[in-house]
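Q: My structure is below; once you've seen it, I'll send some questions.
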Amino acid sequence: MRALIRAISRNIATEVSIAKLAKEAELDTDNLSAQTARKYMDQLSQIFVLQELPAWSTHIRSNVRQRVSPKWFFCDPSLATAALSLSSDKLLKDLNTLGYLFEALAIRDLRVYAHALDGEVFHYRDETGLEVDAIIELRDGKWLPCEIKLGGDQSIKEGIANLIKLRDKVVESKSQDMVGMCIITAGKESYTLPESGVHIIALSHLFIDN
């Protein structure tokens with residue numbers, strides 16, 4: 085179980101097969117089949133340690149095929165840092181890993197807020213490589229695509245481009261249900277870009293107004 089948790093931690097916020105996770109875990113233990121790994125992951129999900137982020141399914145204008153593999157997240161991203169013995173100093177020297185862990189943190193918070201509105205959170209990726217980190221969808225069909233970025237002008241520009249590409253790919257009836265576009269950042273400021281209407285939101289500014 086510890087070996088599997090470490091394997092999940094190394095692949096957090098990515099589309100990874102259970103067979104690949106089992107193979108990685110074998111590096112730390114004797115033998116772990118994909119079937120056993122699946123049972124362990126089910127058990128971790130039942131005790132609210134692990135959560136699956138399913139792929140978003142919607143109508144796309146073109147014949148591009150959507151990926152349907154889930155992403156895996158711990159309910160508390162700090163479990164991944166503990167499993168990999170990561171300190172703040174180590175993470176600051178490895179921005180790639182820090183980015184995945186920041187995504188995990190943002191997904192955790194978005195799930196909390198979405199569930200309060202009786203909504204769900206998904207991710208999107210298709211065979212062209214277009215990926216959007218989070219899609220919040222409510223029961224009435226309203227939806228909000230979100231990209232999750234640590235920050236930086238170039239990173240934010242890439243996120244905006246992805247959001248616009250997704251907006252332009254969905255059928256007209258679905259695009260009419262889109263309530264906005266957001267980029268969640270690790271910055272300290274939140275604002276709206278007038279030219280695109282994309283909301284740039286600091287993760288620390290998300291809250292539920294009681």
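Under my numbering, the first residue of the sequence shown carries the number 85, and numbering increases by one thereafter.
We put the beta carbon where it would ideally sit given N, CA and C, even for glycine.
All values reported here derive from a predicted model rather than from experimental measurement.
With a cut-off of 8 Å on the beta carbons, I'd call I284 and I267 a contact; round off their distance for me.
A: Right, their Cβ atoms sit about 5 Å apart.
Q: Taking all protein chains shown into account, decide if S93 is buried (16 or more other Cβ within 10 angstroms of its Cβ) or exposed.
A: Answer is buried; the Cβ neighbour count reaches 16.
Q: Could you tell me whether the stretch 130 to 140 touches the stretch 198 to 210, using the rule of 3 or more Cβ pairs below 8 Å?
A: The stretch 130 to 140, when compared against the stretch 198 to 210, does touch it at the 8 Å Cβ threshold.
Q: If I measure Cβ to Cβ from S117 and keep anything under 8 Å in the same chain, skipping five residues before and after, which residues do I get?
A: Excluding sequence neighbours, S117 sits near A106.
Q: Could you tell me which uninterrupted beta strand (DSSP E) segments, each at least 3 residues in length, are contained entirely in the stretch 201 to 267, listed from first to last along the chain?
A: Here the runs fully enclosed are 203 to 209, 215 to 222, 227 to 232.
Q: Would you kindly report the start and end of the unbroken beta strand (DSSP E) that includes L105?
A: Not the beta strand (DSSP E): L105 falls in the alpha helix (DSSP H), residues 102 to 109.
Q: Looking at the unbroken beta strand (DSSP E) that takes in L134, where does it start and where does it end?
A: Per DSSP, L134 belongs to the beta strand (DSSP E) from 134 to 137.
Q: Any heavy atom of the ligand FAD within a distance shorter than 8 Å of the CB on E279?
A: For the structure depicted, the ligand FAD is absent and the ligand set is empty, with no information on it obtainable.
Q: Determine the burial state of Y124: buried for a count of at least 16 other Cβ atoms within 10 Å of its Cβ, exposed for fewer.
A: So Y124 ends up on the buried side.
Q: If you draw a straight line from the C-alpha of P229 to the C-alpha of V216, how long is it?
A: Roughly 7 Å separates the two Cα atoms.
Q: Quick check on DSSP: helix, strand or coil for H143?
A: The answer is coil: DSSP assigns H143 none of H, G, I, E or B.
Q: Is the CB-CB distance between V100 and W156 below 9 Å?
A: Cβ distance < 9 Å, so V100 and W156 count as in contact.
Q: May I ask which residues mark the beginning and end of the alpha helix (DSSP H) holding A286?
A: Unbroken run through A286 is the beta strand (DSSP E), 283 to 286; no alpha helix (DSSP H).
Q: Straight-line CA distance for N294 to E221?
A: Legend: pLDDT at N294 = 46, less than 50; position of this residue unreliable, no value from coordinates given.
Q: Would you kindly work out how many angstroms separate the C-alpha atoms of T120 and L163, rounded to a whole number?
A: If you take the alpha carbons of T120 and L163, they lie about 21 Å apart.
Q: Between the Cα of Q260 and the Cα atoms of A188, L290, R86, W227, which residue gives the shortest distance?
A: Answer by Cα proximity: W227.
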